[in-house]
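Residue numbers (the UniProt record's numbering), protein chains in the order written: chain A, 1 to 289; chain B, 1 to 289; chain C, 1 to 289; chain D, 1 to 289.
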C-alpha cells in the first residue's frame, strides 16, 4: 500500500457500480463518473466496492476489475481512491488488499466478516485503542452508526489527529461534524456533494445557522425517499437522473427502483431546487433509468 | 392542566424516586432533593415518575403521592414540574393526567402503551405534524433516540418555536443542540447538571471547541459506567454518592448497584474532577449507598 | 390461594374480555361465555386477564372485577379458573394475587415485569430448577415459545409429574405434546377447542396420523389469518362470529378488526368446516362484530 | 446435476472442514471422515460447505476443492453428497452450482444472499408453493427454524411426497418428525448420529416414549454445551474428541474452543454414556484438539 501523502478529508463518495440492463458491469462510464464527481459535485475522494457499490454482490474477479478502473480513471483527478476489501472469507479480503496495493490504490477499507462473528459487540472506540501498534498502516475509520457516544470517544482519543474519522450517516452529518468528524463517506455525496459541501463550509466558518438550514434541506429529501423505500437500487435511479450517467439496475437480489419512485424523487428534487429543468434537458428519463 | 406560562427550556432532571432500604418510598428527602438540584446543580425543571423515577414499578396510588410531593416541595423553587403519566392501561394514564392537573403540576408527559402497540413504527416528526389540531394543549416532546434525521425534521417543523423539543440522550447532548434542541431531559442532570450547563453556555456563545471538550468529559464518565453496566440502580448509587442524599435501592426487578460499581464510579468521578474529597467529608459511604 | 385439588390438564382457554362498543367491560355476557366454552367447545379451564384478555390494558380495579366475575360464573361449571396477575409494578401483582386468593380462584399465573428486566435471558428450565423450594405453592408454567430444547428440558425435570407444563403455541400444539406437555393454554381454544380436543384424543390413543391431520387443519386457518394480520382484535371478531356472543372491540391502543378481515376469516372457517351456515342462522354479523 | 435416484432421507451430517493448526484445509483426513460417518455413526449423507463446514469462510477455490474431495471419497460409500453453494454474490453461487454438477455431486443446497435482502420476510411454505414450476429440479428444503407452523404447512403441501423436507434443529428433532419431516440435517449427527438414529427408529415403530427419552438424552448434552457457548469451533473440538480424527481449529473470525470447554464437554459425554473410556484409548487429547 502506498504511504498516504495526506489525511483523507472532506467528502468521500461511496460509488455506485454502473451496470448494463442485464446486470453486467458497465466499465465504460466510470471515466465520465470521475469527471462528474470532481467537476459537478466537488467531490475528490471515492470509496469503491462498498455497500453502495454492491461490492458483496460482485465476484472477487469483478471487484478487482472495478478497483482497477477507478484507480486508472481517477489518476491525477481524484485525491484518494479507497477500495473496500471486506469479504466473508478473510482469505479473499487478503487477496483483495494485496491487489489494491499492487494497482496503487490510495487506501483500503474493510468490514469484519459478519456471518460468523464475535459473541460480544465491540465498540469502535475500543477497536481504535492502540490499533496503530497492531496495524502500523492504520489510518482511520468510517463510522456509520448514530451512537455518538462511541464516535465522540473515538474523536476524544484522536487528539494528535492521527486518524481520519469519517462520519457515514449522511442525513445527520452535522451531528458528526460537531462531534469532531474529519470528513464523511456516503452515497448521497454522489449527487448532493455540492449541497453537502455547503454544510462543511458553513460549519468551518462557524455559521451554524446556515449549516443547519443546509442540513434540513438535505434531510427533507432523504426523509421523503426513506418513506418511499430507499436503498442502493433507488440511489442508482436518482444518480442516473441527476448526473445523466446511466447507472443501470442493481444486481439481484436487489430489484430495480420503480418508475413511480423515480418520478416522486424527481419531483421532490425539483421542489427543493436540487435539480433544475435545464439539468434534464435532452435526457430521455424513461430510457436512462 | 394549568396553562404553561413559558416554554420549558434548559435542563430537566429526570428525578429518581428515593426509597428506604425495604423498597418503600422515602418522601422525607424530596424537599432536600429539590434544594440540591436548584442550588448545587443549577437545574430548575424536573421530570417525575419517568424511567429514572421507576414510575412503572410504582402503583398508581404511589405515583400520585410522588407527584404531589414534588409539586408541593417545588413550589416557588422549581420552574416546571412535569409528571410522567404513561401506563400500559390508558384508563390509568387518564386518571394520572387528571390528578396532575388537579395538584397544579406544570405539565404532563406520556409514553404510549407498549405491551400492545401499533404494527408500524411511527416517527416523531410524523406524530408532530398537525398535533396541536388534535391536542390543543400539546407543548412538545422528549426525544430519546439517536436518529437525528427524525429529530432534525421535528425541529424543521418547529419554525415558529411552537414546541419544546427536548433531547434525551445525555451522552450526546451536543449533537441534539446543534440539530436545534430547545432543552434536554436526562438522569445525569441530577448530578452532572452544573457540568452540563457549561455545555449549554459554551454552545450559546458559539464556543464549540469548549462545548465539545465539556461533552467529552461527560462522555468519559458515561462511557466508563456503561461498560460496568449502567441503569437506574447505578444512577441511584451515584446520586447518593455525589449529593449525599440517600436515594436507597431500586425496587425489584432491579437490583441494587454493587459496592464494586460504586467504588469504581467514585474513583472515576474524582479522576475527572466531578467529585472532590471535600464533597465527601463526613459521609459514611458504606452506609448511605 | 386454595390448594389445587388436581393438576391442571387438557385445554385452557385464554379468555377474551368482552367489551361494549365504547370500550367498557361487558360483564353481562361472561356467564354465557362460560357455558359456551363448556358445552360447545369442551373446554373447562380458563386463563383470565392474560394477553388475550387485554389484562394489561385494564386498570387494577377492572382486573379485580373481571376475575370475580369469572370465578362467580365458573363455579360448579369450570374445573379451574386461573387469574393472570402479572403487572409492571410488583406491588400491584401482589395486590392482585391476594385478591385472587380471597375470591377463591383456583390459581394465579404471572409474567415477570418487562419494562425493567434482568440483563440476562433466563431459560424456563433454569427457573424451574428447585423452584418449589422457593415457592412451595408453585404448580407449573405456561410455555409460549417455540424453543423446544428449553421446554423439553422442563419436561425432563418433571419426572415426578410435579408440575403442570402447559404449551402456549396453539399452531404447533402437536410438537408440544410429543415433547411432553401436560396441557395447553391458548386463545384459539375459545373457538377451536372442540377441534383441538380431537388432536389431544388422537395423540392419547397414539393415532399420530390423525393428530397431524387435525393439526394441519388448524394450521391452515391460523396460517391464513396470520397473513392478514392477527391479534387480539381479530380474535375478538372471530369469537363473536363463531360463538355468537358479542366480544366487542378491543381497547385502545388496539384497533377493531376490519370488516374485510372478518369476511375473509368467516369464509376460511366455512371452507375448513369450522363454521356451518346453521351456526350463523339468525345472527346479524354486521351488527355483532 | 445428476438426476436424483432416490429421495434424500434419514440423517444428513453437516460436515466440518478439517483444518491444520495454521488454518489451511486438511484434505488428507476426509477419506477417514467418510468411513467414520458410515461405520461408526450410521450416517450415509453429507451436507458439505454449509455453516458447520465454514463454507462462507472459505474462498471459492477452496470450496471447489472441498466439494471435490467429498465427492471422490464418498463414491460407493455415501448415499448422497450435497454441496452447499450459497454465497453473497449470485455469480459465485452459479459458478459453484455448475462445478457441483460437473464433479457429480448428488445435489446442491443454497441459502439466499443475506447482505442485501428482500424487504419482507418470506416464509418457507410460500417459497415452496409452485416451486417445481419455476425450478423443475427442485428436490426439497432444509428447515432450520423452530416455527413449526411454517414447517407444518410445508409438509401439508407435500402430500405427494414430492419434496425432501429435512429438519435442521437437532435439539428438537422429535418435534420435526411428528410434524412430518422426512429427514434431518445437522452438525451433531457427526458424533451423535448413532444415538439420533435410535430416535428415528423408535419414532418409526411408534414407540414415542423411547423416542422422547433418547431426545432428552441428546438435549441434556446440547443444553449443557449451549450454556458454555457452543458453535462451530466447539463442534470441531467435540468431533475430534469423539471420532479421534483431528478437525483442527476453525478459521478466523472464529476462535478455537478452549481446553476448559473440551474438558467439560468430555466429562458430560462420559456421564451420558456418549463416550466410553475405551473410545479414548491411546489418544493424546491434549494434542489432538
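All C-beta atoms in this analysis are idealised placements derived from N, C-alpha and C, irrespective of residue type, glycine included.
Rounded C-alpha distance that separates residue i from residue j
i, j, result
"residue 248(D)", "residue 191(D)", "16 Å"
"residue 244(C)", "residue 52(D)", "53 Å"
"residue 64(D)", "residue 49(D)", "9 Å"
"residue 19(B)", "residue 167(B)", "28 Å"
"residue 27(A)", "residue 68(A)", "10 Å"
"residue 162(D)", "residue 141(D)", "11 Å"
"residue 104(D)", "residue 58(D)", "21 Å"
"residue 91(A)", "residue 10(A)", "32 Å"
"residue 150(D)", "residue 8(D)", "21 Å"
"residue 206(D)", "residue 208(C)", "9 Å"
"residue 211(D)", "residue 181(D)", "15 Å"
"residue 270(C)", "residue 170(A)", "53 Å"
"residue 236(C)", "residue 174(D)", "34 Å"
"residue 6(C)", "residue 82(C)", "13 Å"
"residue 268(D)", "residue 54(C)", "45 Å"
"residue 253(B)", "residue 120(C)", "13 Å"
"residue 29(D)", "residue 246(D)", "8 Å"
Listed by chain order, chain A residues near residue i by CB distance under 8 Å
i, result
"residue 206(B)", "206, 208"
Span of the alpha helix (DSSP H) around residue i
i, result
"residue 16(C)", "Where residue 16(C) is concerned, there is no enclosing alpha helix (DSSP H), given that its DSSP letter is neither H nor E."
"residue 267(D)", "259-271"
"residue 127(B)", "124-128"
"residue 149(B)", "148-157"
"residue 103(A)", "90-103"
"residue 186(A)", "Residue 186(A) -> not in any alpha helix (DSSP H); beta strand (DSSP E) instead, spanning 183-186."
"residue 142(D)", "Segment 140-143 is the beta strand (DSSP E) holding residue 142(D); no alpha helix (DSSP H) there."
Outcome for residue i when other beta-carbon atoms lying within 10 angstroms are tallied against a minimum of 16
i, result
"residue 282(A)", "With a pLDDT of 49 at residue 282(A), under the threshold of 50, the modelled position of that residue is not reliable, and no figure is offered here."
"residue 122(A)", "exposed"
"residue 223(C)", "buried"
"residue 289(C)", "Only weak support exists for where residue 289(C) lies, its pLDDT of 28 falling under 50; the coordinates are left without a value."
"residue 118(A)", "exposed"
"residue 284(A)", "Annotation note: pLDDT 44 at residue 284(A) (below 50); position unreliable, coordinate value reported separately. Exposed: under 16 other Cβ atoms inside 10 Å."
"residue 136(D)", "exposed"
"residue 273(B)", "exposed"
"residue 114(A)", "exposed"
"residue 107(D)", "buried"
"residue 39(C)", "exposed"
"residue 204(D)", "exposed"
Listed by chain order, chain D residues near residue i by CB distance under 9 Å
i, result
"residue 161(C)", "Neighbours of residue 161(C) on chain D: none; closest Cβ ~14 Å, over 9 Å."
Neighbouring residues, chain C, relative to residue i (Cβ below 8 Å)
i, result
"residue 24(D)", "What residue 24(D) touches in chain C: nothing, since even the nearest Cβ is about 35 Å away."
"residue 156(D)", "216, 219, 220"
Residues that residue i contacts on chain C, provided the C-beta gap is smaller than 7 Å
i, result
"residue 175(D)", "148, 175, 178, 179"
Element boundaries [beta strand (DSSP E), containing residue i]
i, result
"residue 80(A)", "80-84"
"residue 306(A)", "This structure cannot settle anything about residue 306(A), because the visible part of chain A is limited to 1 through 289."
"residue 197(D)", "Careful: residue 197(D) lies outside any beta strand (DSSP E), inside the alpha helix (DSSP H) at 189-204."
"residue 167(B)", "164-167"
Contacts of residue i in chain A (Cβ-Cβ under 7 Å)
i, result
"residue 92(D)", "59"
"residue 152(B)", "172, 215, 216, 219"
Proximal residues of chain D, C-beta to C-beta of residue i below 7 Å
i, result
"residue 88(A)", "56, 57, 88"
"residue 254(A)", "116"
Chain-ordered neighbours of residue i on chain A, where CB pairs are closer than 9 Å
i, result
"residue 113(D)", "56, 57, 252, 253"
Contact set between residue i and chain B, taken where Cβ atoms lie within less than 8 Å
i, result
"residue 222(A)", "149"
Interface residues of chain D facing residue i [CB-CB closer than 8 Å]
i, result
"residue 229(A)", "119"
Residue-chain proximity (residue i, chain E), Cβ-Cβ < 8 Å
i, result
"residue 212(C)", "In the structure shown, chain E cannot be found, because the protein chains are A, B, C and D."
Query raised in the report: Touching or not, the segment 92-112 of chain D and the segment 122-131 of chain A, by the rule of three or more beta carbon pairs under 8 Å?
Result: no
Query raised in the report: Is it true that the segment 35-50 of chain A meets the segment 72-86 of chain D, where meeting means three or more beta-carbon pairs spaced less than 8 Å apart?
Result: no
Query - Sufficient close CB pairs (3 or more, under 8 Å) joining the segment 172-188 of chain A to the segment 9-24 of chain A - result: yes
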